[in-house]
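In what follows, a single structure is set out as structure tokens and then discussed.
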Amino acid sequence: MSGFFSRLKQGLARSTQKLNAALTHRHLDEAALEELEEALIAADLGPAVAGRVIDGFRKSRFGKDVTPAEIQEALAAEIARVLEPVAIPFEPDFTHKPHVCLVVGVNGVGKTTTIGKMARWFGGQGKSVVMVAGDTFRAAAVEQLQVWGERTNAPVIAGKPGADPAGLAFEGIKRAREQGADIVFIDTAGRLHNKGALMEELAKIIRVIRKFDETAPHSVLLVLDATTGQNALEQVRVFREMVSVTGLIVTKLDGSARGGIVVALAEATGLPVHLVGVGEQVEDLRAFSAAEYARGLVGDAGAIREPPAEG
């Protein structure tokens, strides 16, 4: 078992416990199906996916004796089926030089850390990276990105607190062009409580970016925190009103009892899920695998306590 899959499983353990509690029935009657459906919804898979899974069981297994392992196998297959179309690696188009990647999301989801980890990863692939500290109202975000710049040996374009993010984006792309950099990551503010101001700020950044390249930004990645559960769906809706989101990154799966939110996101939005995060280390951000995630969410049959035989 890979180290990442092991961490993914550990991260999804709280979600798995909710599901496992509902997998102790030997006889798949209506009560068992209802309990399983409630567990799926509680893990934030969403009513649509939960209903589809249960309908499948009802048609094929209703009234039959089934083992927890059989239920898990069918459940993992259904979850993976929903996720496969959106499990798309983040592969920037480097025919654009630089490839301009705008990173958006509410405060606290891990945008800045995610940018640092991506810079480290692409640097390790031999790509040159420039980072722009565009969340200028949070001094901690600027400092954090500068630390990542030192770690990755990548330039960080930063200004004074409250500096104009669009101006910094301009400087960042200018620097990237001068240095022949491959990719520019632009961090942004996440003050959703002032939606109008944020929308104008992002629009201004995009206008400035397009002075260099009218096709930019080439990627707009929305970072979501798995622990927010169904609220993540609302964040997708709001940010899509502001910018053309091209893909999702889901962080903090290691601390969530709502790991099924990735399934709900896939079902509701159809957006690519590029990366998932299960911890603080650089290697804890990884390309999203539908099969690994489904197995991690459903867990191992051995972890489920079989009920005592009747009679």
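Residue numbers 1 to 311, in full-length UniProt numbering, belong to the letters of the sequence shown in order. Note that beta-carbon positions come from the ideal geometry of N, C-alpha and C, so glycine has one too. None of these values were measured; they are calculated from a predicted model.
Do we get a CB-CB distance below 7 Å when we pair His-99 with the residues of chain C?
-> Looking at the structure shown, chain C is missing, and only one protein chain is on hand.
Sorted by chain position, which residues of the same chain lie with C-beta nearer than 7 Å to Asp-44's C-beta, five sequence neighbours on each side aside?
-> Gly-229, Gln-230, Arg-258, Gly-260, Ile-261 and Ala-264
Between Val-53 and the rest of its own chain, which residues show a CB-CB distance below 7 Å, the 5 nearest in sequence each way excluded?
-> In chain order, Leu-40, Leu-75 and Glu-78 place their CB closer than 7 Å to the CB of Val-53, counting only its own chain and leaving out the 5 sequence neighbours on each side.
Residue burial classification, Ile-304 (beta-carbon count within 10 angstroms, cutoff 16) = Any reading at Ile-304 must be qualified, since the residue scores a pLDDT of 36, below 50, and its modelled position is unreliable; the value itself is stated next. So Ile-304 counts as buried.
Can you tell which of Arg-138, Gly-126, His-99 and Gly-124 has its C-alpha closest to the C-alpha of Lys-111?
-> Arg-138
Using a threshold of 7 Å, state whether the C-beta atoms of Asp-254 and Val-278 are closer than that.
-> yes
Would you tell me roughly how many angstroms separate the C-alpha atoms of Pro-272 and Ala-232, rounded to the nearest one?
-> 15 Å
Using beta-carbon positions only, say whether Gln-189 and Val-156 come within less than 7 Å of one another.
-> The amino acid at residue 189 is misidentified as Gln; the sequence shows Ala. Going by C-beta atoms, Ala-189 is not nearer than 7 Å to Val-156.
Whole-Å CB distance - residue 324 paired with Leu-285, under 8 Å assumed | No information on residue 324 is available, as it lies outside the stretch 1 to 311 that the chain covers here.
For Thr-251, the three-state DSSP class (helix, strand or coil) = strand
Should Thr-152 go down as buried or exposed, given a rule of 16 or more other Cβ atoms within 10 Å for buried?
-> buried
Best match in Pro-85, Ala-197, Leu-28 and Ala-140 for proximity to Ala-268 [C-alpha to C-alpha] = Per the Cα distances, Pro-85.
Given a cut-off of 7 Å, decide if Ala-166 and Lys-211 are closer than it, judged by their beta-carbon atoms.
-> no
What does a CB cutoff of less than 6 Å around Arg-120 pick up in its chain, not counting 5 residues either side in sequence?
-> Thr-152 and Val-282
Along the beta strand (DSSP E) that carries Phe-185, what are the first and last residues, could you check?
-> 183 to 187
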